[in-house]
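One line per chain: the protein sequences are W and U, in this order. Everything in the first sequence is counted per our numbering, starting at 9 for the first residue and increasing by one. Everything in the second sequence is counted per our numbering, starting at 9 for the first residue and increasing by one. We put the beta carbon where it would ideally sit given N, CA and C, even for glycine. Note that the structure is a prediction, hence the values are computed from the model and not measured.
Protein chains: 2
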Amino acid sequence: MFITTLLNNYFCVVKAEIINIGDEILIGQIVNTNASWMAEQLTNTGIEVHRISAISDKKDEIYKALDLAIKNSDIILMTGGLGPTKDDITKQTLADYFNAKLVFNKEAYHQVKELFELRGFKVSDINKKQAEIPNNCTPLQNKNGTAPGMWFEKKGKIIVSMPGVPFEMKDLISNQVIPRLREKFKFNIILKRTILTQGVGESHLAEIIENWESRLPDNFKLAYLPQPGMVRLRITAIGISEDSLQLEFEHEIDKLLALIPDLIFGIENDRLEEIIGKLLAEKQQTLSTAESCSGGYISHLITDIPGSSAYFKGSVIAYANEIKEQVLKVKPSSLNEFGAVSKEVVSEMALGVKKLYHTDYAIATSGIAGPDGGSKEKPVGTIWIAIALPNNEVIAKKYLFGEHRSRNIRKTALTALNTLRKELQKE
Amino acid sequence: MFITTLLNNYFCVVKAEIINIGDEILIGQIVNTNASWMAEQLTNTGIEVHRISAISDKKDEIYKALDLAIKNSDIILMTGGLGPTKDDITKQTLADYFNAKLVFNKEAYHQVKELFELRGFKVSDINKKQAEIPNNCTPLQNKNGTAPGMWFEKKGKIIVSMPGVPFEMKDLISNQVIPRLREKFKFNIILKRTILTQGVGESHLAEIIENWESRLPDNFKLAYLPQPGMVRLRITAIGISEDSLQLEFEHEIDKLLALIPDLIFGIENDRLEEIIGKLLAEKQQTLSTAESCSGGYISHLITDIPGSSAYFKGSVIAYANEIKEQVLKVKPSSLNEFGAVSKEVVSEMALGVKKLYHTDYAIATSGIAGPDGGSKEKPVGTIWIAIALPNNEVIAKKYLFGEHRSRNIRKTALTALNTLRKELQKE
Numbered sequence: 009m010f011i012t013t014l015l016n017n018y019f020c021v022v023k024a025e026i027i028n029i030g031d032e033i034l035i036g037q038i039v040n041t042n043a044s045w046m047a048e049q050l051t052n053t054g055i056e057v058h059r060i061s062a063i064s065d066k067k068d069e070i071y072k073a074l075d076l077a078i079k080n081s082d083i084i085l086m087t088g089g090l091g092p093t094k095d096d097i098t099k100q101t102l103a104d105y106f107n108a109k110l111v112f113n114k115e116a117y118h119q120v121k122e123l124f125e126l127r128g129f130k131v132s133d134i135n136k137k138q139a140e141i142p143n144n145c146t147p148l149q150n151k152n153g154t155a156p157g158m159w160f161e162k163k164g165k166i167i168v169s170m171p172g173v174p175f176e177m178k179d180l181i182s183n184q185v186i187p188r189l190r191e192k193f194k195f196n197i198i199l200k201r202t203i204l205t206q207g208v209g210e211s212h213l214a215e216i217i218e219n220w221e222s223r224l225p226d227n228f229k230l231a232y233l234p235q236p237g238m239v240r241l242r243i244t245a246i247g248i249s250e251d252s253l254q255l256e257f258e259h260e261i262d263k264l265l266a267l268i269p270d271l272i273f274g275i276e277n278d279r280l281e282e283i284i285g286k287l288l289a290e291k292q293q294t295l296s297t298a299e300s301c302s303g304g305y306i307s308h309l310i311t312d313i314p315g316s317s318a319y320f321k322g323s324v325i326a327y328a329n330e331i332k333e334q335v336l337k338v339k340p341s342s343l344n345e346f347g348a349v350s351k352e353v354v355s356e357m358a359l360g361v362k363k364l365y366h367t368d369y370a371i372a373t374s375g376i377a378g379p380d381g382g383s384k385e386k387p388v389g390t391i392w393i394a395i396a397l398p399n400n401e402v403i404a405k406k407y408l409f410g411e412h413r414s415r416n417i418r419k420t421a422l423t424a425l426n427t428l429r430k431e432l433q434k435e
Numbered sequence: 009m010f011i012t013t014l015l016n017n018y019f020c021v022v023k024a025e026i027i028n029i030g031d032e033i034l035i036g037q038i039v040n041t042n043a044s045w046m047a048e049q050l051t052n053t054g055i056e057v058h059r060i061s062a063i064s065d066k067k068d069e070i071y072k073a074l075d076l077a078i079k080n081s082d083i084i085l086m087t088g089g090l091g092p093t094k095d096d097i098t099k100q101t102l103a104d105y106f107n108a109k110l111v112f113n114k115e116a117y118h119q120v121k122e123l124f125e126l127r128g129f130k131v132s133d134i135n136k137k138q139a140e141i142p143n144n145c146t147p148l149q150n151k152n153g154t155a156p157g158m159w160f161e162k163k164g165k166i167i168v169s170m171p172g173v174p175f176e177m178k179d180l181i182s183n184q185v186i187p188r189l190r191e192k193f194k195f196n197i198i199l200k201r202t203i204l205t206q207g208v209g210e211s212h213l214a215e216i217i218e219n220w221e222s223r224l225p226d227n228f229k230l231a232y233l234p235q236p237g238m239v240r241l242r243i244t245a246i247g248i249s250e251d252s253l254q255l256e257f258e259h260e261i262d263k264l265l266a267l268i269p270d271l272i273f274g275i276e277n278d279r280l281e282e283i284i285g286k287l288l289a290e291k292q293q294t295l296s297t298a299e300s301c302s303g304g305y306i307s308h309l310i311t312d313i314p315g316s317s318a319y320f321k322g323s324v325i326a327y328a329n330e331i332k333e334q335v336l337k338v339k340p341s342s343l344n345e346f347g348a349v350s351k352e353v354v355s356e357m358a359l360g361v362k363k364l365y366h367t368d369y370a371i372a373t374s375g376i377a378g379p380d381g382g383s384k385e386k387p388v389g390t391i392w393i394a395i396a397l398p399n400n401e402v403i404a405k406k407y408l409f410g411e412h413r414s415r416n417i418r419k420t421a422l423t424a425l426n427t428l429r430k431e432l433q434k435e
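In structure tokens:
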């Protein structure tokens with residue numbers, strides 16, 4: 009584990025444990041995404057998570073889990089078991105465990121009351137009961153629900169109980185728990201950025217940036233996260249001083265940006281269809297698509313973005329060759345001589361839709377998505393992509409993707425969108 | 009917990025615990041989907057999972073987890089920590105824990121050899137080492153990898169260690185672990201089916217089937233699982249005798265099918281676009297779509313199905329009104345008088361693409377996906393859907409979905425596909 013290995017070289021390690029209470033996890037009804045989200049937040053804060061447990065909402069299970077956790081960890085974060093029906097059991101169990109009594113807490117009550125008044129509701133007796141908490145804990149304000157978080161300290165250990173509803177828990181972790189933990193402990197600084205690349209596969213990308221990667225400082229780590237049609241690069245750095253680490257971090261990322269400017273299209277959760285939309289809107293230019301093998305997926309990605317009607321006029325999905333001829337005006341001779349999957353046909357498709365829809369740019373795709381339809385000359389995964397430019401020049405390129413239909417469709421769409429992005433950014 | 013509550017009324021409960029070894033879970037890099045899949049399989053077999061733990065690949069962590077699990081559970085299933093680089097540590101830890109020695113196991117070796125010969129590879133010394141396992145365990149054949157599963161028995165408890173690679177683990181659980189557990193323990197019979205409905209929301213559906221639901225036998229449970237554009241109904245039944253439970257189960261499901269035949273389109277992982285594809289292929293009929301608000305998503309769903317080119321000719325994505333007029337031949341007077349989101353326009357779109365693409369059926373959509381573009385008369389979520397039939401009759405209906413753009417697009421697509429399904433199944 010890179011981060012914890014490195015942590016050992018810097019400040020001493022603070023150990024945490026996550027306990028998720030909930031039968032829906034134990035019967036496999038839901039995937040425990042709370043745990044992975046919490047683990048990531050703690051890891052990014054510089055805390056080592058060394059155990060995650062999902063347990064049932066029963067007194068003896070909670071006791072056992074707490075006994076084990078307090079013996080082995082500095083910080084214990086619990087979620088779940090605070091729903092309106094089960095509320096009393098879990099809260100009472102925690103009170104018993106920490107030798108406390110459930111008492112009405114004014115602070116907790118005011119938090120609930122505030123939330124209700126904001127929404128125009130009256131506080132009921134049941135809600136008033138939710139303000140009863142163990143008398144030796146600090147209530148943490150839950151901005152999104154009626155059950156407050158509860159912060160216990162025992163023998164130098166921190167134990168926090170929170171609701172399991174993801175958006176309630178996330179707000180408590182980000183705005184209450186982690187800031188309070190930072191006051192109690194001294195953590196290392198961890199910086200992370202995910203750089204999005206499109207155009208080459210993982211192993212080829214690794215070759216291109218080999219020199220940069222091998223010269224990264226020891227406190228840096230690079231992870232390759234491939235997805236169909238793109239490779240995400242996650243860069244992590246660890247240090248003690250925020251300012252000097254930030255400088256070092258940006259310096260290394262600048263070097264990477266200079267190395268592969270064409271391949272990088274964004275960071276974190278950027279989407280190509282959103283970037284293209286912004287570029288087109290800025291230029292007040294329009295787009296259409298003529299899709300064969302991608303079957304409308306490019307059009308779907310583009311129109312999933314709010315406001316896309318400002319620059320996107322529409323598409324011709326030409327799955328059948330007769331549509332390519334009759335609607336897109338592809339020459340019958342091109343189809344006969346070169347086949348539908350060819351430079352000639354994909355270029356004529358792009359120009360055809362551009363003319364029909366009166367747009368400045370057009371994207372066209374034609375290929376063999378699979379699993380059937382391949383031949384020796386044109387195996388499954390052979391895809392032609394064309395971009396028609398405002399001056400009616402066409403850029404067309406052949407790609408050889410893989411065997412898997414849905415992945416080929418996704419790769420086609422991302423490659424086409426990235427090709428267009430590069431053209432839009434050329435000026 | 010319904011199943012375990014009921015279990016208490018039948019055979020006695022067999023308790024299981026899942027231990028997932030892996031740092032990638034603890035740093036939040038991956039979501040622990042292995043755990044939820046395993047928990048579901050065990051629950052469906054009639055076993056109560058009462059704890060799931062994710063721990064680090066370290067000797068003392070594995071020891072602690074095993075100590076706790078053996079004290080509390082009858083069955084302990086472990087995954088991970090058997091990768092080629094970490095192999096020795098985990099296997100050695102298990103050998104130490106069970107007072108055993110790592111010895112070369114002929115059976116395990118033959119399993120690896122067989123797999124390699126099938127793939128045309130030679131067995132290396134490293135692979136040979138993978139056949140070294142603790143001398144008091146039974147190797148379980150891993151058909152998809154080189155690390156065998158290991159089955160230990162200690163004081164009447166079963167402990168199984170498996171690789172963490174999902175498809176290797178899944179095959180071992182389904183084909184080795186659960187059949188062997190069935191030989192050791194007597195489990196209750198659990199039957200499950202997920203019924204897919206489209207057309208009404210969760211609460212309306214609940215009203216329609218209220219009488220049926222309230223008369224379900226006590227050993228049955230119904231769960232509503234809503235998704236954008238569909239509600240899945242999961243029916244679970246528990247019993248001791250397989251034959252009589254099966255009869256009772258089918259009887260109740262038949263009653264539901266008779267109650268809402270129009271709303272049900274499939275079971276389990278059925279997809280509407282696949283069902284429609286089969287119906288069109290059988291009838292040797294063709295389809296096209298004219299999409300405004302759904303922006304190509306219907307076309308994408310249909311063309312994601314292999315072989316869809318046999319019945320799907322393509323689409324006109326008419327995002328701009330001029331395309332509706334010029335390409336789909338929607339009358340300018342209809343657009344002016346009724347607006348793009350109207351019965352008249354969506355009907356003309358359906359007939360327009362049907363004529364242009366020479367298809368038997370056509371789907372058309374026009375609506376306000378949001379977040380902008382709504383008005384008092386036509387708020388965000390107002391969607392018109394039309395189906396043109398072979399005789400040029402058009403079925404058009406207005407829907408009022410929600411506020412969320414992506415969900416509105418998804419709901420539009422599923423509603424359109426389900427309307428077409430009902431027409432295709434009418435004869």
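Within the stretch 230-267 of chain W, the complete alpha helix (DSSP H) segments at least 4 residues long are 250-267, listed from N- to C-terminus. By the Cβ neighbour-count rule, S317/W is buried, with 16 or more other Cβ atoms within 10 Å of its own. Of the residues I38/W, L50/W and E48/W, the one whose Cα lies closest to the Cα of W45/U is I38/W. For the C-beta of W45/W, the chain U residues within less than 8 Å are, from N- to C-terminus, G36.
Within chain W, no residue has its CB atom less than 9 Å from the CB of K419/U, the nearest being about 14 Å off. With fewer than 16 other Cβ atoms inside 10 Å of its own Cβ, A289/U counts as exposed. Ranking F409/U, N40/U, D278/U and I217/U by CA distance to the CA of C301/U puts F409/U first.
Runs of alpha helix (DSSP H) with 4 or more residues, each lying fully within the stretch 318-398 of chain W, are found at 329-334, 340-346 and 351-365, listed in chain order. Against S307/U, the close residues of chain W are G303, G304 and I325, in the order they occur along the chain (beta-carbon pairs closer than 7 Å).
Looking from the CA of P314/W, the closest CA among T311/U, K419/U and G303/U belongs to G303/U.
Going by DSSP, L110/W is part of the beta strand (DSSP E) stretching over L110 to F112. Taking a cut-off of 8 Å for Cβ pairs, the stretch 224-235 of chain W and the stretch 175-195 of chain W do not touch, as fewer than three such pairs fall below it. Under the three-state reduction of DSSP, P174/W is assigned to helix.
Among the residues facing chain W, N152/U is not included, as its CB has no counterpart in that chain under 9 Å away. Under the Cβ criterion of 9 Å, T101/W is not counted among the residues facing chain U.
Taking the Cβ atoms as the reference, A139/U lies roughly 6 Å from F112/U, within the contact range of under 8 Å.
Separation of the CB atoms of Y407/U and T427/U is rounded to 10 Å, and the pair is thereby denied contact status at 8 Å. Between R413/U and G382/U, the C-beta spacing is not below 9 Å. Interface residue (Cβ-Cβ distance to chain W less than 9 Å): Y71/U is not classified as such. In this structure, V402/W places its C-beta atom within 9 Å of the C-beta atom of I395/W. In chain order, L34, I35, G36 and Q37 make up the part of chain W whose C-beta sits under 9 Å from the C-beta of T51/U. At a C-beta separation below 7 Å, N107/U has no neighbours in chain W, since its nearest C-beta there lies roughly 24 Å away. For T297/W, the enclosing beta strand (DSSP E) begins and ends at L295 to E299.
In this chain, the alpha helix (DSSP H) harbouring G285/U covers L280 to K291. With respect to the 9 Å criterion, L204/U and M238/U are classified as neighbours on the basis of their beta carbons. For Y407/W, DSSP records a beta bridge to I391/W. If you draw a straight line from the Cα of F124/W to the Cα of V131/W, it comes to about 7 Å. Neighbours of H58/U in chain W, taken as residues at a C-beta separation under 9 Å, are given in chain order as L34, I63, S64, K66 and E69.
The CB of G315/W comes closer than 8 Å to the CB of D380 in chain U, given here in chain order. Going by beta carbons, E345/W and E356/W fall outside the 9 Å limit. Separation of the CB atoms of L253/U and L199/U is rounded to 6 Å, and the pair is thereby assigned contact status at 8 Å. Within 8 Å of the CB of N40/W, the CB atoms of chain U belong to V39, N40, A43, S44 and I60, in sequence order along the chain. Between P174/W and A47/W, the alpha-carbon positions lie close to 14 Å from each other. In this structure M177/W is not in contact with M86/W, their Cβ atoms being roughly 10 Å apart against a cut-off of 8 Å.
Assigned with DSSP and collapsed to three states, F273/U falls in strand. Cβ-Cβ distances below 7 Å link E276/W to T202 in the same chain, with the five nearest sequence neighbours on each side left out; the list follows chain order.
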